[in-house]
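Data first, discussion second: the structure below is written as structure tokens.
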Amino acid sequence: MENRTYTADAEPGDTVTVAGWAHEIRDLGGIAFLIVRDTTGKIQVKFEKDEMDDDLVETGVNVNRESVVQVSGAVEEEERAPTGVEIVPEDVEVVAPADPELPLDPSGKVDADISTRLDNRTLDLRMEESKAIFEIRAEVLRAVREQFRDLNCTEINTPKIVATGTEGGTELFPITYFGQEAFMNQSPQLFKQLMVGSGLERVFEIGPIFRAEEHNTPRHLNEATSIDFESAFYDHSDAMDACEAVVRAAYEGVAENCQEQLETLGYEDFEAPSGDFPRLTYEEAIERINATGELDEQLVWGDDLPTEGEHALGEEVGEHYFITDWPSEIKPFYIKDHDDDETLSTGFDLMHPSMELVSGGQREHRYDHLVAGFEQQGLDPDAFEYYTKMFKYGMPPHAGWGLGGERLVMTMLGLDNIREAVLFPRDRQRLSP
RNA sequence: GCCCGGGUGGUGUAGUGGCCCAUCAUAUGACCCUGUCACGGUCGUGACGCGGGUUCAAAUCCCGCCUCGGGCGCCA
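Everything in the first sequence is counted per this note's numbering, starting at 1028 for the first residue and increasing by one.
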């Protein structure tokens, strides 16, 4: 289809061939309109029954909605047409007919449940709102990659089939690997750390992670996209700077390059976050949560932040913010404690007012401390020897973080359900399509 | 893992014991209509998740199953 013209490019005076989907047919009697939709938009095709070939009219007016059609004809300026132009057809061809009854309505006149939409994602993505989300998602990934490159990172890809998890076995999907026990990787954590000791020093990865948790919420997936960063000779504060830059770059990229999509989704004043993200210590965070009076029970030092507390604090802060200096006991063993206070971790979270987006920290790079950490967690250090032994050959101090890609898109666009931000989500009950 | 709430034409819904061979919208079929842009009009088509039970009577109440959504925990 070399000579195909996009509907958006059809100019008055041109003779064109457009190809796309029959969005709607409006038969008014002596005149009928066929609206053809492609990825760039829609164009109206006019059928004046008395003045046109009967077969041509017959074909054009009897097309089922959502059939793939190809229309050739002259583009004419017409102020009564929705886009100001319309095609007077010379030839209409049904390239691929659609059943008259559709499993959902791509014209959006009737809503569909998220479940129906996911079962029929192809049709769902014919709606411009659904499509806009994924165009924005693509822009987020592009902007993030560019920012990482500005930070002198090398993009890496690490294995998704692994012999051991990061923090234990319970939340991993087990698989059989040529008769051997193996798992789907829940995080590139260990591998990216190994890279900071390599000649690469500073790396990022955007890839899938797998979590076997049986949660059932609008913000969890069993297969998610993790945006990971790790750098040698960084402390937790440097890592937070990088994190802020990447999140901001994502917003700026979307603000700059996705005007049309934002409009489609109903955003009139989408703006990238301005100013630095506030950095609250864990202690400040629990104090502020307690002060809101939203929780039935006051939080004490060492408690994890309950969802309700996150929401209360998020509402108060009203923008992205970091929570730093967590109690060591509730952060993973591979995160380094402060040198002057072993009860305090260098771990940090980046929060959107509505949920956690990022988890990171400075890593434990000292071999003895690392091995001791494994033992304290009840993990067998021997099982992680591929990892720990590299800490014997010059592992620099380093820090990094992991950002939930879908959560970034979800919070950016205010989506109700994280599944909206994944083409084919994997959740507790959904394995197909 | 614990705890809630749903499943009614293709799609989205109304209906909480008889007024229901089930409402409305959209879709779909036929006919009418020469400027629609959620086109309009007339007449049709099409559904109570599955199995069992209670009752004179069940979409509606009860039990089991299947299925979907959500809250918490945990996390990205």
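In this text, a Cβ means the ideal position worked out from N, Cα and C, and glycines have one as well.
The model shown is predicted, which means the values in this text are computed figures rather than measured ones.
- Residue range H1263 to N1284 is occupied by the alpha helix (DSSP H) that includes Y1278.
- D1368 sits exposed, since fewer than 16 C-beta atoms from the chains shown fall within 10 Å of its C-beta.
- Around the beta carbon of Q1456, fewer than 16 other beta carbons sit within 10 angstroms, so the residue counts as exposed.
- A straight-line Cα-Cα distance of about 10 Å links R1246 and T1438.
- Boundaries of the alpha helix (DSSP H) around G1432: G1432 to L1440.
- A direct Cα-Cα distance of roughly 13 Å separates E1120 from R1031.
- Taking the Cα positions, T1149 is about 41 Å away from D1331.
- Assigned with DSSP and collapsed to three states, M1422 falls in coil, not helix or strand.
- Between E1093 and E1051, the alpha-carbon positions lie close to 8 Å from each other.
- Cβ-Cβ distances below 6 Å link P1423 to A1259 and F1260 in the same chain, with the five nearest sequence neighbours on each side left out; the list follows chain order.
- Around the Cβ of Y1420, a 10 Å sphere holds fewer than 16 other Cβ atoms; the residue is exposed.
- Looking from the CA of L1131, the closest CA among F1360, T1143 and E1228 belongs to T1143.
- Within a 10 Å sphere around the beta-carbon of P1109 sit fewer than 16 other beta-carbons, which makes this residue exposed.
- The beta-bridge partner set that DSSP reports for M1378 consists of Y1348 and E1383.
- One alpha carbon belongs to D1177, the other to R1229, and they sit about 12 Å apart.
- For I1313, the enclosing alpha helix (DSSP H) begins and ends at Y1309 to T1319.
- Rounded to whole angstroms, R1238 and Q1389 show a C-alpha spacing of 23 Å.
- V1137 is classed as exposed because its beta carbon has fewer than 16 other beta carbons within 10 Å across all chains shown.
- In the three-state DSSP reduction, R1148 falls in the helix class (H, G or I).
- Inter-residue distance for L1221 and M1417 is about 7 Å (C-alpha atoms, whole angstroms).
- Its Cα nearest to that of C1180, the residue E1232 stands out among E1232, W1328 and M1267.
- Counting the other CB atoms within 10 Å of its CB gives T1370 a total below 16, which places it among the exposed residues.
- Around the Cβ of Q1207, a 10 Å sphere holds fewer than 16 other Cβ atoms; the residue is exposed.
- Exposure of Y1204 is indicated by the presence of fewer than 16 other C-beta atoms within 10 angstroms of its C-beta.
- Judged by DSSP secondary structure, F1218 falls within the alpha helix (DSSP H) whose first and last residues are Q1216 to V1223.
- Classified as exposed, L1458 has fewer than 16 neighbouring CB atoms from the shown chains inside 10 Å of its CB.
- Closest in alpha carbon position to I1070, among S1355, F1218 and A1101, is A1101.
- Inter-residue distance for N1249 and Y1033 is about 38 Å (C-alpha atoms, whole angstroms).
- Close CB contacts of Y1414 within its chain, under the 7 Å cut and outside five residues either way in sequence, are with L1217 and L1221 (chain order).
- Residue pairing from DSSP leaves A1165 without any beta-bridge partner.
- For I1141, no pairing in a beta bridge is given by DSSP.
- In this structure, DSSP gives R1153 a state outside helix and strand, which the three-state scheme calls coil.
- Here DSSP, grouped into helix, strand and coil, assigns Y1204 to strand.
- Under the three-state reduction of DSSP output, M1211 falls in the strand class.
- Excluding residues up to 5 positions away in sequence, V1072, V1098 and G1100 lie with their Cβ nearer than 6 Å to the Cβ of P1116 in the same chain.
- Listed as beta-bridge partners of R1229 by DSSP are S1258.
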